[in-house]
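Participant: One structure follows; several queries about it will come next.
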């Protein structure tokens, strides 16, 4: 009897061991193909249609598969891509693009002016309620003047229009873009298993500098706790957007690069409700908070304090001096509250999306700091979808901590939302002075005037304390020392084509 | 036959009720699928257009009726976020969860029945006491925590598997099964201890009954009595328990999948809930509910096979 049990146990252990050895030999057959496995925090939760993709996580991946007439580089410049050259008429109403010769789609066919016309018109189409690319509502017509020239005529001058010309060019012949991905980028689509992996392969006939690594596998790491384990265990080679805590747990196989997330994290206040409709109350909150202290508490001091709705990657538009406009001064804050009619302080609720730990941590520090001026901030964690519907669209909130990023590197993508009639103005900011300054900025074709007017907008936001601005958060990228070449972009994109294997370059 | 027919009708009604409740839930909880998809780039016009495309502008009962009608026809609809047919998406995931559940059930049966028999036979011995004490500890550890401990011990310290290094069954079946062993053990552990405890007390209880003494007096040896008579009687509650366990495992695998980074039904269910992607959520929940109901039905059938008295009662 006893022996039999032992035998059975032995069998189980043996079969376990057998399957395990089979599993550890997963990299069967040394292939000559170079590859990298990269962890992504959320899946590409969209169809394969680049024009309909909206999730930031999708856009950063599609950056490697699709290209527009122009393409941003890591310094934020727009370089010709599918077009080899472009001209802007003096009144900034006519944009003329010359098609680059010999650019091929992933299916091997050449890009024609018809494809360009089709792609742009598809995004400008308003029959399904609003164009897919907001800036395209300005397009009057798209004309192919000859077989390599395309002319886009605008109704109003728009100096920022070029930034939206990174819209993907896709073949007109592809009738099912949502399930068949054909672009012109350095990588082509191979397969997508929802919540599992997204695989891309190097496109050999790419017009520009070819990618270095043959195969890129994106692996979904939905569970944030397992990211470090996955990295240390070797099942992923790279992960971007790690927190300072996660970085400290990595073993020494990794190189850690620090960049910025390119967003503005702030305690956004609903300017349309009591007590935040009072400018003095908002200013009091600004005086009660020490940005550097928040950075120290939440990320060991990493991050860049900002003082307005603009982050450093914007270069000439960014005003670093505004970060120190309010320095912590509890007495002044209390005095302002008294003037505003709240000598005893007040209480309010900060709604924070529960899936963003960094925002939650920032909120906790803010709530602690506000106690010094007798303001009782209650923290309410809500689901991201509830945040979108209640806070963002419904505007039913008092305060919320979130990071707002830019969809393109144009000042208007950050500043448009604070116009009193903007549909994205979820904080209900209403200031005629601001509206006027913004109108001046977008109405002029003179670069200097534009910059000055946009700076005035930022200044107004800071002075009127539209929100309690905190920081542009630090971003850490961990990459296995076998690989190198990672580049930070001022936009929410990941460029896998620049990565290479150390020693092979 | 009448009995089976009745069962099937109740099963269908239960499924319809479940699907209706889930559908209702989604209209009550905050969050809008169109808004969830468009995110902060949403403009009122685009949200409206997308709502129309998803068919969300229609009244609740019409949407539910439409869903039920296509579901019965075998069409589970299309995922809002992926634009893929739900059926196709699930076809990839079902084998993962099923494999994991079946493996854990096999481990439970393979380990707990011999252990239960052994402890009952050697009641009061040192090994029995040690196993009893271990049982108490293991029972108190939930599967997800067992998963974390297993990852730590076998994955990081002993390096028997790569944590998070899930291998798809398309890549390598052996690798896939190999990776599934530890998650299955994590699920099985607490259940094993419960089964052992239940079986042991059942066997000991039966051992004291008159028929056992009769069996012995007829000249049977311990082995014969234990296997032929006592075990059969003590198995009834175990089968109920295993049936319940199986349904519990299917639902519980959702959490263990998260711990081990397995992209099964669990992960897709969770992300679909937060994306308000309800064609997917509905399909998964109805499938899970169907699995639970079918297993319960099967347990009933096994009962009858072991103990014909139950069938008689059911038909009277």
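Chains as they are written, first to last, in our numbering: chain A, 1048 to 1552; chain B, 93 to 408.
Just so it is clear, CB atoms sit at the ideal spot from N, CA and C, and this is done for glycine as well.
The structure displayed is predicted, hence computed values, not measured ones.
1) Per the contact definition of three or more C-beta pairs closer than 8 Å, is the region 321–333 of chain B in contact with the region 237–254 of chain B?
2) At what residues does the alpha helix (DSSP H) containing residue 107/B begin and finish?
3) Taking a contact to mean a Cβ-Cβ separation below 8 Å, would you say residue 1539/A touches residue 1263/A in this structure?
4) Taking just the CA atoms, how far does residue 138/B sit from residue 1116/A?
5) Which residues does DSSP list as the beta-bridge partners of residue 1527/A?
6) In whole angstroms, what separates the C-alpha of residue 1366/A from that of residue 1507/A?
7) Please decide whether residue 1277/A counts as near chain B, where near means a Cβ-Cβ distance under 8 Å.
8) Are the C-beta of residue 220/B and some C-beta of chain A separated by less than 8 Å?
9) Sorted by chain position, which residues of the same chain lie with C-beta nearer than 7 Å to residue 191/B's C-beta, five sequence neighbours on each side aside?
10) In terms of alpha-carbon separation, which member of 284/B, 179/B and 134/B lies closest to residue 204/B?
11) Would you give the residue range spanned by the beta strand (DSSP E) that residue 1196/A belongs to?
12) I need the straight-line Cα distance from residue 304/B to residue 278/B, nearest angstrom please.
13) Can you give the Cα-Cα distance for residue 1500/A and residue 1490/A, rounded to whole angstroms?
14) Could you tell me whether the region 1192–1203 of chain A touches the region 1138–1155 of chain A, using the rule of 3 or more Cβ pairs below 8 Å?
15) By alpha-carbon positions, which one of 1175/A, 1128/A, 1474/A and 1156/A ends up nearest to residue 1210/A?
16) Scan the region 1415–1446 of chain A for residues whose Cβ lies nearer than 7 Å to a Cβ of chain B and list them as they occur along the chain.
17) Taking the DSSP output, what are the residues bridged to residue 1510/A?
18) Taking CB distances under 8 Å as the criterion, tell me whether residue 355/B reaches chain A.
19) Could you name the residues of chain A that residue 179/B contacts, counting a contact when the two beta carbons are closer than 9 Å?
20) Is it true that the CB of residue 341/B sits closer than 8 Å to the CB of residue 361/B?
21) Return the bridge partner residues of residue 1247/A from the DSSP annotation.
22) Residues of chain A with CB closer than 8 Å to the CB of residue 255/B, please, in chain order.
23) State yes or no: is the beta carbon of residue 227/B nearer than 8 Å to at least one beta carbon in chain A?
24) If residue 1164/A and residue 1187/A are in contact, beta carbons under 8 Å, what's the gap, nearest whole angstrom?
25) Just reading off the alpha helix (DSSP H) that residue 287/B is part of, what are its end residues?
26) Answer yes or no: do residue 1231/A and residue 1150/A have a C-beta to C-beta separation smaller than 8 Å?
27) By a C-beta neighbour count over all protein chains shown, 10 Å radius and 16 as the cutoff for buried, is residue 1449/A buried or exposed?
28) Using a Cβ-Cβ cutoff of 9 Å, what residues of the region 183–205 of chain B are near chain A? List them in chain order.
29) Let me make sure I understand the geometry here. Which of 359/B, 228/B and 371/B has the alpha-carbon closest to that of residue 166/B?
30) Please go through the region 1142–1219 of chain A and give each complete alpha helix (DSSP H) segment of 4 or more residues, from N-terminal end onward.
31) Do residue 351/B and residue 239/B come within 8 Å of each other at the CB atom, strictly closer than that value?
32) What is the rounded straight-line gap between the Cα of residue 1221/A and the Cα of residue 1157/A?
33) Give me the DSSP bridge partner(s) of residue 1429/A.
34) Any C-beta of chain B sitting closer than 8 Å to the C-beta of residue 1101/A?
35) Does the beta-carbon distance from residue 1260/A to residue 1547/A come in below 8 Å?
36) Which residue wins for smallest C-alpha separation from residue 1534/A, given the options 1122/A, 1437/A and 1487/A?
Facilitator: This is what the structure gives:
1) no
2) 94–120
3) no
4) 25 Å
5) 1301/A
6) 12 Å
7) yes
8) no
9) 272
10) 284/B
11) 1196–1201
12) 37 Å
13) 10 Å
14) yes
15) 1128/A
16) 1430, 1431, 1432, 1433, 1435, 1436, 1437, 1439 and 1440
17) According to DSSP, residue 1510/A bridges with nothing at all.
18) yes
19) What residue 179/B touches in chain A: nothing, since even the nearest Cβ is about 13 Å away.
20) no
21) 1236/A and 1263/A
22) 1273, 1276, 1277, 1280 and 1282
23) no
24) In fact, because the Cβ distance is near 14 Å, the residues do not count as touching under 8 Å.
25) 265–299
26) yes
27) buried
28) 184, 185, 199, 202 and 203
29) 371/B
30) 1160–1171
31) yes
32) 13 Å
33) 1400/A
34) yes
35) yes
36) 1122/A
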